[in-house]
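Protein chains in written order, with the numbering used here: chain A, 45 to 385; chain B, 45 to 385.
Just so it is clear, CB atoms sit at the ideal spot from N, CA and C, and this is done for glycine as well.
Computed from a prediction, not measured in an experiment: that's the story for all the values here.
To start, the structure itself, in structure tokens.
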DNA sequence: TTGAAAGCGCTAACAC
DNA sequence: GTGTTAGCGCTTTCAA
């Protein structure tokens, strides 16, 4: 039913080899024959059979996007946006993305299965909850691998991540410009790279402004509205009440604001708040949240782009890309309204 | 490098045909030979080459998920959640999903390309912005097609959608139980199925309770926080101020609450508000929003499940599944707190 | 129950 | 520049 190169060959009166060369833009076909073939192919509405091609080339033109299932579906469409960015970038080169949503232990098996069945040409791993051993082994086995929203320092694995340090620095510095000196840090688990890096930015900002970080950073087991809320309650219950809070993400910041309000205090008058991520509804929180905006789709674009580079030239040196953030100023910091700098 | 059935055949001392039969559970292999082959395959860590298999079977074990790009990435992870549900369901049968994010006109071309290149076995179309002609033609050409969060009445296309009428009915009836009689309807475009069906549920609830729908429904060109906000302003500026508002989604409801607050009125004391969808942050709005909760992953599960049925038996009669919603009561309706019924 | 052989649609050596 | 040929790894007739 579907047109094959054999049929084109018959019609044009040449061999399938020549058809293949012409269609793939390979040298060794006269200009006129090539034109004739291309014309016939278009006329016959030819499309190659991907399976047949893959069987020989060992390339499926598919990338596997691996993310822990629980993230695929979280409150803020963070990974979906990244995925969207990847998809858009890959589509330019007729690549497609298949989704792999794993639950911890499954990851290794699923990934290897896809690799060895040749269902995808390589992998893009997203998020912090990845199995390092798997990634290293897959890379070692020669498959293109790129990490997004994570990185593996000291390895040859390419990564696309957020400039956490820079973003946090900017946000905290803005708080300092408002005159705050007692700024609390509300983070996730102390072992998480994102929390560590944002803490680093926070401390750097304080230090560079000659402020002694007198308050102990508070680490929570998760970074949700709930943990922001309970974390803030414990901060408010502490001996030295801060005049500002930097939460490592918007969800926590929103939870923190709720706790502040319930304590009968005002944001930003009594305590200023700033977050990180710029999730969609942070513009509609009460008050609207000052935060560091993350270009999620851009992260995906970069990941997709580098993935294609790795496919093209597997020996491409690994890259470590940090996509910078943008400070968006709303009202929770004490400013009057929306703007970004 | 990778193990092939030829190698297994050599090791076991039989033909590739028999290996294939044994591995695929086909009849015509003695029990002991089969056991021996299965054992060898496991020992050699055999995995089939999908491309080679697809070339013959014409099945790639891939489903294409088609959604307009702008939705893939919207505020609330609605389609991502559906996708997640599909992915989880398909994974059970070793199927994978590829993503197709289109922009209107591209859709037709992209879909046909995937179909004819045999990059996927069928299609799952999500959302309202689909090209009906394309879908009909693809279905006609024999490809499995299922619609999710949309339906094509009067056609043989299977669809999985939300029980919009029932959900809206429940929400509005709850408002009525609070004693409201002047309930405004804040919707999207009047041509959209979701808005029409939710309006239907709204009107049914009024009618069944003997209330005359005196207020004209308000249709907006989009269903966002912004349109909810501006829509509510125009409702407040009208002659007859309602005592309650039913917005067709949470985003609009949140926008509406903002407008109500800015008019110096209280929710729910002056005007009660209810939405639809139960987006993640509706629990954290001010006040928390009463709404109809949509089981997004369930929608995806159903879509994935039926897709597999269509693959199995292409002549399976089409189904029209409506996944019901759940009323979740928070405070914007006038109730005291969280509960669902 | 098993094997030989053909062939899915394509690419890539190798000849000419 | 072009054609011939040999597969890629698998499934599936057809014989035995």
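- DSSP, reduced to helix, strand and coil, places residue 60 of chain A within a helical segment of the structure shown.
- For secondary structure counted as the beta strand (DSSP E) over 3 or more consecutive residues, the segment 292 to 331 of chain A holds these complete runs in sequence order: 316 to 318.
- The beta carbon of residue 344 of chain B sits closer than 8 Å to the beta carbons of 125, 126, 127, 128, 129, 130, 131, 132, 133, 192 from its chain, once the five residues preceding and following it are set aside; these are given in chain order.
- Cβ contact annotation for residue 253 of chain A (same chain, cutoff 6 Å, sequence separation greater than five): 220, in chain order.
- Listed by position along chain A, the residues whose Cβ is nearer than 7 Å to that of residue 136 of chain B form an empty set, because the closest Cβ is around 12 Å away.
- For residue 140 of chain A, at least one C-beta of chain B is nearer than 8 Å to its own C-beta.
- An exposed status is given to residue 148 of chain A, since fewer than 16 other beta-carbon atoms sit within 10 Å of its beta-carbon.
- Note that the segment 132 to 146 of chain A does not touch the segment 77 to 88 of chain A; fewer than 3 beta-carbon pairs, one per stretch, sit closer than 8 Å.
- Residue 322 of chain B counts as buried, since no fewer than 16 other beta carbons sit within 10 angstroms of its beta carbon.
- Two segments are said to touch when three or more pairs of C-beta atoms, one from each, lie closer than 8 Å; by this definition the segment 287 to 304 of chain B touches the segment 265 to 273 of chain B.
- For residue 104 of chain A, no alpha helix (DSSP H) segment is defined, and its DSSP state is neither H nor E.
- For residue 309 of chain A, no CB of chain B lies under 8 Å from its own CB, so it is not counted at the interface with that chain.
- Contact annotation for residue 195 of chain A against chain B: no contact, minimum CB-CB distance about 24 Å [criterion: below 7 Å].
- Note: residue 290 of chain B is bridge-paired with B/229, B/318 in the DSSP secondary-structure output.
- Inside the segment 201 to 226 of chain A, DSSP marks whole beta strand (DSSP E) runs of 3 or more residues at positions 202 to 206, from first to last along the chain.
- A direct Cα-Cα distance of roughly 20 Å separates residue 60 of chain B from residue 95 of chain A.
- For residue 251 of chain A, not one C-beta of chain B is nearer than 8 Å to its own C-beta.
- Taking a C-beta cut-off of 7 Å against chain A, the contacting residues of the segment 74 to 92 of chain B are 91, 92, listed in chain order.
- Contact between residue 232 of chain B and residue 276 of chain B fails: their C-beta atoms lie close to 14 Å from each other, not under 8 Å.
- Within chain A, the C-beta atoms nearer than 7 Å to that of residue 330 of chain B come from 330, in chain order.
- Counting only residues of its own chain and dropping the five nearest sequence neighbours on each side, residue 152 of chain B has a CB closer than 8 Å to the CB of 175, 177, 178.
- Look at residue 263 of chain B here: in three-state DSSP terms it is strand.
- Rounded to whole angstroms, the separation of the alpha carbons of residue 105 of chain A and residue 136 of chain A is 12 Å.
- With respect to chain A, the C-beta atom of residue 160 of chain B has a partner C-beta closer than 8 Å.
- By a beta-carbon distance limit of 8 Å, residue 46 of chain B contacts residue 160 of chain A. Their separation comes to about 6 Å.
- When beta bridges are read from the DSSP output, residue 169 of chain A appears opposite A/110, A/191.
- One Cα belongs to residue 309 of chain A, the other to residue 288 of chain A, and the distance between them is close to 12 Å.
- In this structure residue 100 of chain B is exposed. Its beta-carbon is surrounded by fewer than 16 other beta-carbon atoms within 10 angstroms.
- Under the three-state reduction of DSSP output, residue 274 of chain B falls in the helix class.
- For residue 337 of chain A, the enclosing beta strand (DSSP E) covers residues 335 to 337.
- Around residue 158 of chain A, the same chain offers 108, 164 as residues with beta carbons nearer than 6 Å, after the five sequence neighbours per side are excluded.
- About 4 Å separates the beta carbon of residue 286 of chain A from that of residue 228 of chain A, a gap short enough to meet the 8 Å contact definition.
- Nearest neighbour of residue 376 of chain A by Cα position, chosen from A/207, A/366, A/360, A/305, turns out to be A/305.
- Beta-bridge partners of residue 144 of chain B (DSSP): B/110.
- Residue 258 of chain A is classed as exposed because its beta carbon has fewer than 16 other beta carbons within 10 Å across all chains shown.
- Per DSSP, the continuous beta strand (DSSP E) segment holding residue 364 of chain A begins and ends at 364 to 367.
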